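Peer 1: As you go down the protein sequences, you meet chains F and U in turn. Numbered by the working numbering, the letters in the first sequence go through residues 1 to 104 in order. Numbered by the working numbering, the letters in the second sequence go through residues 1001 to 1104 in order. Beta carbons: idealized from backbone N, C-alpha and C, even for Gly. Computed from a predicted structure; not experimentally measured. Would you mind keeping the following structure in view while I ask a few things?
2 protein chains.
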Amino acid sequence: MPVATDLSALTTKFHALSDETRLRIIDMLRGGERCVCDLTEALDAGQSRLSFHLKVLKDAKLVTDRREGRWAYYALAPDAFAQLEEFVGELPSTKLSVLASRCC
Amino acid sequence: MPVATDLSALTTKFHALSDETRLRIIDMLRGGERCVCDLTEALDAGQSRLSFHLKVLKDAKLVTDRREGRWAYYALAPDAFAQLEEFVGELPSTKLSVLASRCC
DNA sequence: CTAACGCATCAATATTTCTTGATCACCGGA
DNA sequence: TCCGGTGATCAAGAAATATTGATGCGTTAG
């Protein structure tokens, strides 16, 4: 089992990425840290909504947040995609032609 | 924009991977093609339930199915993870230290 | 000190997704 | 041809998620 490690942490991460708004957020953060107001404006999402999605990303450990004065800055977590790469990386191409030998 | 390609296809794939049962299915398919009854047994899931999850994976184009007699065989789609790798691969590590210059 | 701002959180509602049990269609063996 | 087995699909209910608007808390400017 390649990825028996922590299935539920993995599903949490994938779930966090299964939403367009959140994907956009991630994409914006690729350029570096952003404050919430920047994101709100760029994504034209209500403040409350954005805050919710940021929380989902944070809970999945994909982003980190930092408080500075009255602003909150979010950034990609350093090793955010490590676990995902591990899972996705196990390239299946090699064994693809293997057919199920025998059924039931 | 690195991944402007097709956000909704991407979210669909991520969503398909955001469930433990489906992750287990993927993992089993790494070893090659499997028939549904094998999967049902190995995952101890009801037939209907499994069929539902297989459909989710198939709709996300992560797996393909093949009919043979009265059995159905599922396998990882050849390029299943290509798009995911593209997204996940854009390693953020380099720009991580970039702080937001100015806010709102 | 007070008012405005940035943001998190909560409550209520809408929406989506999952599970279960039926049912149906198809195929192969007797 | 009839029957049992495999698996898809549907309908109904349960559960998880998302959206909205309201409220609250800390911070900064005046």
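Measuring CB to CB, does Lys1013(U) end up less than 9 Å from Leu1054(U)?
Peer 2: Position 13 of the second sequence, counted from the start, is the residue given in the question as residue 1013(U). Position 54 of the second sequence, counted from the start, is the residue given in the question as residue 1054(U). In this structure, Leu1054(U) does not lie closer than 9 Å to Lys1013(U) by Cβ.
Peer 1: Pull up the CB-CB distance for Leu10(F) and Arg24(F), whole angstroms please, since I reckon it's below 8 Å.
Peer 2: Counted from its first residue, the first sequence places residue 10(F) at position 10. Counted from its first residue, the first sequence places residue 24(F) at position 24. About 22 Å separates the two Cβ atoms, so there is no contact after all.
Peer 1: How about Gly89(F): is its C-beta nearer than 9 Å to some C-beta of chain U?
Peer 2: Counting from one through the first sequence, the residue named residue 89(F) turns up at place 89. Yes, contact with chain U.
Peer 1: Check this for me: beta carbons of Ala1115(U) and Gly1032(U), under 9 Å apart or not?
Peer 2: As shown, chain U starts at 1001 and ends at 1104. That puts residue 1115(U) outside it, with no answer to give.
Peer 1: Quick one: grab the DSSP three-state call for Leu1062(U).
Peer 2: Taking the first residue of the second sequence as 1, we reach residue 1062(U) at position 62. DSSP places Leu1062(U) in coil when its eight states are reduced to three.
Peer 1: Apply the 10 Å Cβ neighbour rule to Pro2(F) and answer buried if 16 or more other Cβ atoms are within range, or exposed otherwise.
Peer 2: Position 2 of the first sequence, counted from the start, is the residue given in the question as residue 2(F). At Pro2(F) the pLDDT is 46, less than 50, meaning the model places this residue with poor confidence; the figure from the coordinates comes in the next sentence. Its Cβ having fewer than 16 others within 10 Å, Pro2(F) is exposed.
Peer 1: Return yes when the Cβ of Cys35(F) is within less than 9 Å of the Cβ of Tyr73(F), no when it is not.
Peer 2: Within the first sequence, the letter at position 73 stands for residue 73(F). Within the first sequence, the letter at position 35 stands for residue 35(F). Closer than 9 Å, so yes.
Peer 1: Closest Cβ-Cβ distance between Leu54(F) and chain U: below 9 Å?
Peer 2: Position 54 of the first sequence holds residue 54(F). It does not; no Cβ of chain U falls within 9 Å.
Peer 1: Thinking C-alpha only, which one of Arg30(F), Arg49(F), Leu7(F), Asp6(F) is nearest Thr21(F)?
Peer 2: Start at 1 with the first residue of the first sequence, and residue 21(F) comes out as number 21. Per the Cα distances, Arg49(F).
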